[in-house]
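Numbering (the working numbering), first residue to last: 5 to 230.
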């Protein structure tokens, strides 16, 4: 699990990083609200632990801006503000869970793992050799994509692009990486050409239960529609 801890208390940072790392959770730390939002956009963690009282930009504003940017990473708010009103505000702002300080480390870990499992639940309905996201299904043996029982009609470039995004659902893939895959060794094509392929693919996915999102400065992301 890749965890982003947004917390300005240094002793809390150290304690949580040590405790969670011992249980196989990789912890990145940021103490400033504005910088944390940038790190969140760049690293695409599996789960975020967010304190509300932060310098630069408070936790609620960080969360609200992240949700507006299309980031759907599960978020656990960890704060000394433990009233019912504070919990309601946090959850209404887009948080998935809330734990007031002081807290038990075992409970924190259990909640984090529950959020992580919720991120990419096991899909037992997909047949062996197939990957499913929403109602989009990829057959790894023949390389075809299906919407329901129908094969999705894709050009070779659209197919390559969708395969690259499907390999990392919920995570951004950079424009440069996609360009290298879709236009390998073609020096006559500009980087912006990938935007045309994305536009055409997005139209073909318009009726699917998936979203092809543009993350400014990061690339593109494929995720199941809510």
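Ideal placement from N, C-alpha and C gives every residue a C-beta, glycine not left out. Just so we're clear, the structure is a prediction, and the values are computed from it rather than from any experiment.
Rounding to the nearest angstrom, what Cα-Cα distance links residue 105 and residue 177 in this structure? As a working note, residue 105 is residue 101 in the chain shown. As a working note, residue 177 is residue 173 in the chain shown. Roughly 36 Å between the two C-alpha positions.
Extent of the continuous beta strand (DSSP E) to which residue 53 belongs: Within the chain shown, numbered from 1, the residue matching residue 53 stands at position 49. 51-54 is the extent of the beta strand (DSSP E) around residue 53.
With DSSP collapsed to three states, give me the class of residue 21. On the chain shown, position 17 is the one that residue 21 refers to. Helix at residue 21.
When DSSP labels each residue in this structure, what does residue 37 get in the three-state scheme? Working through the chain shown from its first residue, we reach residue 37 at position 33. Here residue 37 carries a helix assignment [DSSP, helix/strand/coil].
How about residue 219 and residue 74: are their beta carbons less than 9 Å apart? Along the chain shown, one-based indexing puts residue 219 at 215. Along the chain shown, one-based indexing puts residue 74 at 70. At the C-beta level, residue 219 and residue 74 come within 9 Å of one another.
Residue closest to residue 27, alpha-carbon to alpha-carbon, out of 147, 101, 5, 227: Position 23 of the chain shown, counted from the first residue, corresponds to residue 27. Checked all of 147, 101, 5, 227; the closest Cα to residue 27 is 5.
Mapping the DSSP letters down to three states, classify residue 198 as helix, strand or coil. Taking the chain shown and counting its residues from 1, one reaches residue 198 at position 194. Secondary structure of residue 198 (DSSP, three-state): helix.
Minimum C-alpha distance to residue 50 - residue among 118, 18, 206: In the chain shown, counting from the first residue as 1, residue 50 sits at position 46. Measuring C-alpha to C-alpha distances from residue 50 to each of 118, 18, 206 identifies 118 as the nearest.
How big is the Cα-Cα spacing for residue 82 and residue 190? Within the chain shown, numbered from 1, the residue matching residue 82 stands at position 78. Within the chain shown, numbered from 1, the residue matching residue 190 stands at position 186. Using only the alpha carbons, I get a separation of about 49 Å.
Contact belief for residue 195 with residue 183 at Cβ below 8 Å, rounded distance in angstroms: As a working mapping, residue 195 is identified with position 191 in the chain shown. As a working mapping, residue 183 is identified with position 179 in the chain shown. Sure, about 5 Å apart at Cβ, within 8 Å.
Beta-carbon contacts of residue 15 that lie in its chain and below 6 Å, excluding the five residues immediately before and after: Against the chain shown, residue 15 aligns to sequence position 11. Around residue 15: no qualifying Cβ.
Considering only the beta carbon of each residue, do residue 211 and residue 166 sit closer than 9 Å? Numbered from its first residue, the chain shown carries residue 211 at position 207. Numbered from its first residue, the chain shown carries residue 166 at position 162. Contact check for residue 211 against residue 166 fails: the beta carbons are separated by 9 Å or more.
Near residue 144, which residues of its chain fall below 8 Å by C-beta distance, leaving aside the five closest residues on each side in sequence? Translated into positions along the chain shown, residue 144 becomes position 140. So the qualifying residues of the chain are 133, 134, 135.
Whole angstroms is fine: what's the gap from residue 40's alpha carbon to residue 214's? Walking along the chain shown from the start, residue 40 turns up at place 36. Walking along the chain shown from the start, residue 214 turns up at place 210. Answer to the nearest angstrom: the Cα atoms are 27 Å apart.
Count the other CB atoms, across all protein chains shown, that sit within 10 Å of the CB of residue 101; report buried if there are 16 or more and exposed otherwise. As a working mapping, residue 101 is identified with position 97 in the chain shown. So residue 101 counts as buried.
For residue 184, the first and last residue of its enclosing alpha helix (DSSP H): Translated into the one-based positions of the chain shown, residue 184 becomes position 180. In the DSSP assignment, residue 184 falls within the unbroken alpha helix (DSSP H) covering 179-186.
Does DSSP classify residue 42 as helix, strand or coil? Sequence index remark: in the chain shown, residue 42 carries index 38 (1-based). In this structure, residue 42 counts as helix in the three-state DSSP scheme.
Backbone secondary structure at residue 128 - three-state DSSP: Along the chain shown, one-based indexing puts residue 128 at 124. Confidence at residue 128 is low in this model, with a pLDDT of 45, below 50, so its placement is unreliable and no value can be given for it.
In whole angstroms, give me the CA-to-CA distance for residue 125 and residue 12. For the purposes of this step, residue 125 is taken as the residue at position 121 of the chain shown. For the purposes of this step, residue 12 is taken as the residue at position 8 of the chain shown. A caution first: residue 125 carries a pLDDT of 46, below 50, which makes its placement in the model too unreliable to give a value.
Need the endpoints of the beta strand (DSSP E) that residue 69 sits in, please. Position 65 of the chain shown, counted from the start, is the residue given in the question as residue 69. Counting along the chain, residue 69 falls outside any beta strand (DSSP E), though it belongs to the alpha helix (DSSP H) covering 63-72.
Leaving out five residues on either side along the sequence, give the residues of the same chain with a beta carbon under 7 Å from the beta carbon of residue 67. As a first step, residue 67 is located in the chain shown; it is residue number 63 there, counting from the start. Spatial neighbours of residue 67 in its own chain (CB-CB distance under 7 Å, excluding positions within 5 residues in sequence) are listed in chain order as 54, 79, 97, 98, 99.
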